[in-house]
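> Here the sequence shown stands for residues 1 to 286, where the numbers follow the UniProt record's numbering. Provided herewith is a single structure, encoded as structure tokens, for subsequent inquiry.
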Amino acid sequence: MMSTEIMYDYYVEKMGEGDPVIFLPAAGYPGNEGLNIAEYLAEGFETHMVDLPGIGKSMGIQAHQIHSLEMAKWVKEYLDQQKFDKVSVIGHSLGGALALAFAVHFPARVKKLVLLDQGHKPFPRIPRREFGMFAYAVPLLNIAAALFGKPILRLLEPIFSDNDDADSNERVKRFCEIFAIEENKYIRKAHERNIGFSVDMLNLYFGFYRLQMPKLLSQVKVPTYLAYATFKGVDKQEYENTLEHVEKMKRHTQPPITYRPVDSGHYVHWSDPALLPDMKLFLEQQ
1 MMSTEIMYDY YVEKMGEGDP VIFLPAAGYP GNEGLNIAEY LAEGFETHMV
51 DLPGIGKSMG IQAHQIHSLE MAKWVKEYLD QQKFDKVSVI GHSLGGALAL
101 AFAVHFPARV KKLVLLDQGH KPFPRIPRRE FGMFAYAVPL LNIAAALFGK
151 PILRLLEPIF SDNDDADSNE RVKRFCEIFA IEENKYIRKA HERNIGFSVD
201 MLNLYFGFYR LQMPKLLSQV KVPTYLAYAT FKGVDKQEYE NTLEHVEKMK
251 RHTQPPITYR PVDSGHYVHW SDPALLPDMK LFLEQQ
């Protein structure tokens, strides 16, 4: 039986000139979450800030279940459409999961990999930080989603949709208070577009939930720069959890991974101004 490859549509904002860099954002944000990175890299690199599949304006991954290979193929097709042979990839959070999957499955297409707070520790089985008390239902819902695919996701969509009607100024203020980050134009820009909820988004979320991130990171063969949030002074429990997992990863993984701690919460690229020149230096190194 002949199989056909799906041609995906991508929503992308581009900045700069030079070697291509793909930026993949966190869940709930458009590709321009990486605007401050793109601006810093503008002399020497052309950054493609891509909306994630089903999140924002990019077409969702059309699969009954999403695994790391489907994520990797989605990134690969963008390179194929742009006729890029090899690129550097930067990914934050959920975007980092797609970037890592791509680097593992298609290492010949990756020059450098930059992971922003992703890969060094597993996503919690009970994700209380993300879903509150509702998190205790996530493992069971994941099983249902794996068994029944999109039909069950359509039933779950109203449960996960938060219907946040707050304007962007209110969202920015709330975000900065929660994550103890000083407000800036890049955070405001990333919050301008309120990302609508979709079944494709939920399908991607559960695909990410099923990934074993440290296992994927241990398989990477390309030069990798991992900037991870220590949560020092932000969350004592998460600080200890992060320290434990980073030390474990360092014992069980060999170069080419460079570990870069950032004493902040999850949004490391908005928290540490010194991170941007360090990232650029890594990308420029031969």
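By construction, the Cβ of each residue, glycine as well, lies at the ideal position given by its N, Cα and C atoms.
Please go through the same chain and pick out, in chain order, the residues whose beta-carbon is closer than 7 Å to the beta-carbon of methionine 2, but skip the five residues on each side of it.
For this step, residue 2 is matched to residue 2 along the sequence shown. Here methionine 2 scores only 38 on pLDDT, less than 50, and its place in the model is too uncertain to base an answer on.
> Alpha carbon to alpha carbon, how far is asparagine 203 from threonine 224? Give it in angstroms, no decimals.
Within the sequence shown, residue 224 is the residue found at index 224, counting from 1. Within the sequence shown, residue 203 is the residue found at index 203, counting from 1. Answer to the nearest angstrom: the Cα atoms are 27 Å apart.
> Use the C-beta contact count for threonine 4: other C-beta atoms within 10 angstroms, 16 or more gives buried, fewer gives exposed.
Position 4 of the sequence shown, counting from 1, holds the residue named residue 4. In this predicted model, threonine 4 has a pLDDT of only 46, less than 50, meaning its place in the structure is not dependable enough to derive any value.
> How would you label glutamine 118, buried or exposed, when you count the other beta carbons within 10 angstroms and need 16 or more for buried?
If you number the sequence shown from 1, residue 118 lands on position 118. Glutamine 118 is buried by the Cβ-count criterion.
> What whole-angstrom Cβ distance do histidine 266 and phenylalanine 208 have, given they're in contact under 8 Å?
As a position in the sequence shown, residue 266 is number 266, starting the count at 1. As a position in the sequence shown, residue 208 is number 208, starting the count at 1. About 15 Å separates the two Cβ atoms, so there is no contact after all.
> If you run the structure through DSSP and keep just helix, strand and coil, what is leucine 24?
Along the sequence shown, one-based indexing puts residue 24 at 24. Three-state result, leucine 24: strand.
> From which residue to which residue does the alpha helix (DSSP H) around glutamate 177 run?
Taking the first residue of the sequence shown as 1, we reach residue 177 at position 177. Element bounds for glutamate 177: 168-179.
> Near alanine 229, what residues of its chain come up, given a Cβ to Cβ distance below 6 Å and the 5 sequence neighbours on each side ignored?
Locating residue 229 in the sequence shown gives position 229, counting from the first residue. Taken in chain order, the residues that qualify are Asp117, Val262, Ser264, Gly265, His266 and Val268.
> Could you check which residue in Glu240, Ser271 and Leu226 has the C-alpha nearest to that of proline 255?
Counted from its first residue, the sequence shown places residue 255 at position 255. Closest by alpha carbon: Leu226.
> Within 10 Å of its beta-carbon, does glycine 196 have 16 or more other beta-carbons around it, so buried, or fewer, so exposed?
Mapped onto the sequence shown, residue 196 falls at position 196. That one is exposed.
> Just how far apart, CA to CA, sit asparagine 36 and aspartate 200?
As a first step, residue 36 must be located in the sequence shown, where it is residue number 36. As a first step, residue 200 must be located in the sequence shown, where it is residue number 200. Cα to Cα, the separation comes out at about 28 Å.
> Would you check if the distance between the CB atom of arginine 210 and the CB atom of histidine 120 is smaller than 9 Å?
Within the sequence shown, residue 210 is the residue found at index 210, counting from 1. Within the sequence shown, residue 120 is the residue found at index 120, counting from 1. In this structure, histidine 120 does not lie closer than 9 Å to arginine 210 by Cβ.
> Quick check: the Cα distance between aspartate 278 and asparagine 169, rounded to an integer number of angstroms?
Counting from one through the sequence shown, the residue named residue 278 turns up at place 278. Counting from one through the sequence shown, the residue named residue 169 turns up at place 169. For aspartate 278 and asparagine 169, the distance between alpha carbons rounds to 31 Å.
> Pop quiz: glycine 31 and glycine 56 are said to be a contact at Cβ under 8 Å. What is the actual Cβ separation, rounded to whole angstroms?
Counting from one through the sequence shown, the residue named residue 31 turns up at place 31. Counting from one through the sequence shown, the residue named residue 56 turns up at place 56. Right, the Cβ-Cβ distance comes to about 7 Å (below 8 Å), so this counts as a contact.
> At which residue ranges does the segment 232-276 contain complete beta strand (DSSP E) runs of 3 or more residues, listed in the order of the chain?
Runs found: 257-262.
> Is valine 222 helix, strand or coil when you go by DSSP?
Stepping through the sequence shown from its first residue, residue 222 is reached at position 222. Of the three classes helix, strand and coil, the one that applies to valine 222 here is coil, per DSSP.
> Report buried or exposed for lysine 112, applying the criterion of at least 16 other Cβ atoms within 10 angstroms of its Cβ.
By one-based count along the sequence shown, residue 112 stands at place 112. By the neighbour-count rule (16 or more Cβ atoms within 10 Å), lysine 112 is buried.
> Specify, as a first and last residue, the run of the beta strand (DSSP E) that glycine 91 falls within.
Numbered from its first residue, the sequence shown carries residue 91 at position 91. Here the beta strand (DSSP E) through glycine 91 covers 87-92.
> With distances taken between CB atoms, is the gap from tyrosine 10 to methionine 59 smaller than 9 Å?
In the sequence shown, residue 10 corresponds to position 10, counting from 1. In the sequence shown, residue 59 corresponds to position 59, counting from 1. Yes, they are a contact pair.
> DSSP three-state call for methionine 213: helix, strand or coil?
Residue numbering aside, residue 213 sits at position 213 when the sequence shown is read from its first letter. Of the three classes helix, strand and coil, the one that applies to methionine 213 here is helix, per DSSP.
> Among Leu283, Met15 and Glu77, which residue has its Cα nearest to the Cα of tyrosine 8?
By 1-based counting over the sequence shown, the position of residue 8 is 8. When each option's Cα is compared against that of tyrosine 8, the closest is Glu77.
> Give me, in chain order, the residues of the same chain whose beta-carbon lies closer than 7 Å to that of phenylalanine 231; leave out the 5 immediate sequence neighbours on both sides.
The residue you call residue 231 lines up with position 231 of the sequence shown. Result list for phenylalanine 231: Glu238, Tyr239, Thr242 and Gly265, in chain order.
> Less than 9 Å separating the beta-carbons of glycine 34 and histidine 92?
Counted from its first residue, the sequence shown places residue 34 at position 34. Counted from its first residue, the sequence shown places residue 92 at position 92. In contact: glycine 34 and histidine 92 (Cβ atoms closer than 9 Å).
> In the DSSP assignment, the alpha helix (DSSP H) including glutamate 39 goes from what residue to what residue?
In the sequence shown, the residue the question calls residue 39 occupies position 39. Taken as a continuous stretch (DSSP letters only), the alpha helix (DSSP H) holding glutamate 39 covers 35-41.
> Nearest to leucine 115 by alpha carbon, out of Leu41, Met213 and His64?
Counting from one through the sequence shown, the residue named residue 115 turns up at place 115. Answer by Cα proximity: Met213.
> Let's see if you can read the secondary structure: which residues bound the alpha helix (DSSP H) around lysine 73?
Walking along the sequence shown from the start, residue 73 turns up at place 73. Counting along the chain, the alpha helix (DSSP H) containing lysine 73 begins and ends at 68-82.
> Look at the alpha carbon of glutamine 65 and the alpha carbon of histidine 245, and state the distance between them as a whole number of angstroms.
The sequence position of residue 65 within the sequence shown is 65, counting from 1. The sequence position of residue 245 within the sequence shown is 245, counting from 1. Between glutamine 65 and histidine 245, the C-alpha separation is close to 28 Å.
> How would you write the range of the beta strand (DSSP E) that lysine 111 sits in, first residue to last?
On the sequence shown, position 111 is the one that residue 111 refers to. Unbroken beta strand (DSSP E) run through lysine 111: 110-116.
> Please identify the residue among Leu98, Gln82, Glu177 and Thr47 whose C-alpha is closest to the C-alpha of glutamate 70.
Counting from 1 along the sequence shown, the entry for residue 70 is found at position 70. With distances taken between Cα atoms, glutamate 70 lies closest to Leu98.
> Go through its chain and collect everything with a Cβ distance to arginine 260's Cβ below 6 Å, but skip five positions before and after it.
Reading the sequence shown from its first residue, position 260 is the one you call residue 260. Correct list, in chain order: Ala227.
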